[in-house]
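Protein chains in written order, with my numbering: chain A, 74 to 316; chain B, 120 to 422.
Below, the structure written as structure tokens:
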């Protein structure tokens with residue numbers, strides 16, 4: 074973990090209540106599947122946000138303005154300097170992917186799939202992605218995943234884009250994958266757990282106090298013992314999860 | 120050159136800053152960030168006789184200038200603390216540490232303290248009779264003068280190390296409990312634990328934390344904590360460790376003027392992992408600004 078200053082390069086809306094922020098700063102400590110914890114003027118606790126993309130010195134995050142803190146974030150101007158804790162959480166283990174990994178993201182669980190897809194494509198893997206949203210106006214990043222060279226399936230609950238239904242409905246069309254990675258709301262994760270044939274990794278969300286393992290605010294029970302989502306997670310493997 | 124040293128029951132601290140139990144683990148997470156030997160000491164994660172997972176999640180609710188937690192004393196139990204946590208603590212911290220202990224009966228408290236008593240690095244016990252997050256447990260002791268007395272006596276009987284009793288603010292008159300602890304032989308008291316609070320989520324229309332209520336901490340509670348330290352200083356002669364919303368070096372000085380010999384920093388560590396270190400570094404500047412040459416001299420100075 075590092076405590077660093079990041080400067081906002083851009084902060085734009087890309088879907089209904091969904092914003093993309095790019096920040097410049099020291100990204101050397103950040104890994105795929107980790108999150109950053111951002112101090113916001115006007116909120117007491119930091120806001121944990123998953124890492125969407127990394128270029129040298131540029132961090133991209135995508136967040137949904139759903140509460141006080143993220144609404145303040147949505148109004149931050151270019152040039153604003155933020156206090157950010159980086160290098161938080163365990164991240165994905167990409168070595169487990171096999172040749173044909175499947176990535177399943179739902180809503181604000183989509184962003185962490187992007188850097189993962191990019192890294193897997195760079196490793197020469199044949200990547201398939203399922204992106205799930207409630208409706209067309211919520212959807213984002215389909216083109217970005219396609220531009221990486223991933224095969225992209227989309228599902229929306231109301232059928233306004235792609236397959237009508239949940240990510241698990243799109244999953245029915247995909248038989249050939251070696252491993253999977255997923256991030257999204259807990260009901261989706263549970264449905265993916267039950268619908269998948271292989272092992273895989275799940276990224277969980279929980280209300281956090283500190284985000285770096287000190288407060289025990291986000292503990293969960295696993296088959297491998299008690300874990301802190303912020304420090305021992307957010308990524309858990311399929312075999313250890315207790316629903 | 121200002122003097123930040125204070126003495127807590129015969130053990131000298133380089134400065135009065137003590138990260139509070141439950142916000143600092145067993146130290147080693149923070150030792151990855153900075154040399155924690157700059158601290159006066161720290162109070163390690165509340166330890167109980169048996170392992171506890173604690174309460175269901177969500178356990179955290181944000182508030183204006185603070186947060187509510189309902190962790191519920193998650194800890195691996197005293198045996199694992201001795202076998203696994205304290206050896207790791209020892210590697211990164213060379214000073215005497217404060218052992219924070221909780222329980223659900225007088226016997227529990229005595230058992231856990233006795234188990235920890237042979238740990239040389241433990242300089243003090245901080246006996247938590249005030250956790251608001253365990254049903255029928257910790258809080259019941261802290262809210263009755265009689266029980267506070269019984270726990271104090273039971274713990275004093277199993278250790279020669281100084282015993283500080285950590286008091287709850289969720290009582291009618293905290294000085295009554297403080298006096299009961301003093302009469303029972305406590306070496307000091309520490310206060311305040313969190314204030315019982317709650318938040319309701321407007322979207323779900325239900326309490327935010329799964330346990331419905333939790334302990335409120337953070338800068339919002341500082342004036343309440345300060346007032347209670349001030350009142351207890353008038354009520355007892357034993358030393359007081361003051362805490363509750365302390366976030367700056369100025370807060371530390373204020374707490375000491377109210378009557379604290381040392382000061383714990385809690386919620387601030389969760390928002391800024393370097394908070395305790397930064398407060399220590401800032402103390403000399405604040406002391407010079409307010410013409411304080413030695414912190415020892417200002418304890419209770421507001422009375």
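Ideal Cβ placement from N, Cα and C applies to all residues, glycine included. Keep in mind that this is a model prediction, so the values were computed, not measured.
Exercise for review: Can you tell me which of the three DSSP states residue 174 (chain A) falls into?
Suggested key: strand
**Study point:** Min CB distance residue 180 (chain B) to chain A below 9 Å
**Key:** yes
Exercise for review: Give the straight-line distance between the Cα atoms of residue 125 (chain A) and residue 134 (chain A), rounded to the nearest whole angstrom.
Suggested key: 5 Å
**Study point:** DSSP beta-bridge partners of residue 136 (chain A)
**Key:** A:92
Check your understanding: If you run the structure through DSSP and keep just helix, strand and coil, what is residue 230 (chain B)?
Key -> helix
Check your understanding: Does the beta carbon of residue 256 (chain B) come closer than 9 Å to any beta carbon on chain A?
Key -> Residue confidence for residue 256 (chain B) is low, a pLDDT of 49 falling below 50, so the modelled location carries little weight; the figure read from the coordinates is stated next. Not one chain A Cβ lies under 9 Å of residue 256 (chain B).
Review point. What are the boundary residues of the alpha helix (DSSP H) that includes residue 195 (chain A)?
Key: 184–195
Exercise for review: For residue 271 (chain B), count neighbouring Cβ atoms within 10 angstroms of its own Cβ and tell me buried if that reaches 16, exposed if not.
Suggested key: buried
**Study point:** Against chain B: residues of the segment 108–127 of chain A by CB proximity under 8 Å
**Key:** 112, 116, 117, 118, 119
Exercise for review: Say whether chain A places a C-beta atom closer than 9 Å to the C-beta of residue 309 (chain B).
Suggested key: no
Check your understanding: When the Cα atoms are used, what is the spatial distance from residue 324 (chain B) to residue 138 (chain A)?
Key -> 19 Å
Point to revise | Proximal residues, the segment 282–293 of chain A versus chain B, C-beta separation under 8 Å | key: 282, 283, 285, 286, 287, 288, 289, 290, 291, 292, 293
Practice item. Taking residue 207 (chain A) as the query, report the chain B residues whose CB atoms sit under 8 Å from its CB, ordered along the chain. Key: Residues of chain B passing the Cβ test: none, with the nearest at roughly 15 Å.
Exercise for review: Decide if residue 301 (chain A) is buried, meaning its Cβ has at least 16 other Cβ atoms within 10 Å, or exposed.
Suggested key: buried
**Study point:** residue 126 (chain B) - DSSP class collapsed to helix/strand/coil
**Key:** strand
Point to revise | Chain-ordered residues of the segment 398–409 of chain B with a beta carbon less than 7 Å from chain A | key: none
**Study point:** residue 330 (chain B) to residue 175 (chain B) span [Cα, whole Å]
**Key:** 7 Å
Practice item. Flag this pair as touching only if the segment 292–310 of chain B and the segment 351–362 of chain B have three or more C-beta atom pairs under 8 Å; answer yes or no. Key: yes
Practice item. Tell me whether residue 83 (chain A) is buried or exposed, calling it buried when 16 or more other Cβ atoms sit within 10 Å of its Cβ. Key: exposed
Check your understanding: What are the start and end residues of the beta strand (DSSP E) that includes residue 204 (chain A)?
Key -> 201–206
Check your understanding: Just checking, does the segment 214–234 of chain A make contact with the segment 145–162 of chain A on the three C-beta pairs under 8 Å criterion?
Key -> no
Exercise for review: Decide if the segment 290–309 of chain A is in contact with the segment 235–250 of chain B; the criterion is three or more beta carbon pairs, one per stretch, under 8 Å apart.
Suggested key: no
Point to revise | chain A residues whose Cβ lies nearer than 7 Å to that of residue 389 (chain B) | key: 282, 283, 287, 288
**Study point:** is_contact[residue 184 (chain B), chain A] using C-beta, thresh 9 Å
**Key:** yes
Review point. Residues in the segment 182–208 of chain B with C-beta within 8 Å of chain A's C-beta atoms, listed in sequence order?
Key: 182, 183, 184, 185, 186, 188, 190, 193
**Study point:** Beta carbon of residue 383 (chain B) nearer than 9 Å to that of residue 137 (chain B)
**Key:** yes
Review point. In the DSSP assignment, what are the bridge partners of residue 138 (chain B)?
Key: B:384
Point to revise | Residue of A:257, A:272, A:291 minimising C-alpha distance to residue 250 (chain A) | key: A:272
Check your understanding: Which residue from A:262, A:173, A:267, A:230 puts its Cα closest to that of residue 209 (chain A)?
Key -> A:230
Practice item. Anything in the segment 368–396 of chain B with a Cβ closer than 9 Å to a Cβ of chain A? List those residues in chain order, please. Key: 386, 388, 389, 390, 391, 392, 393
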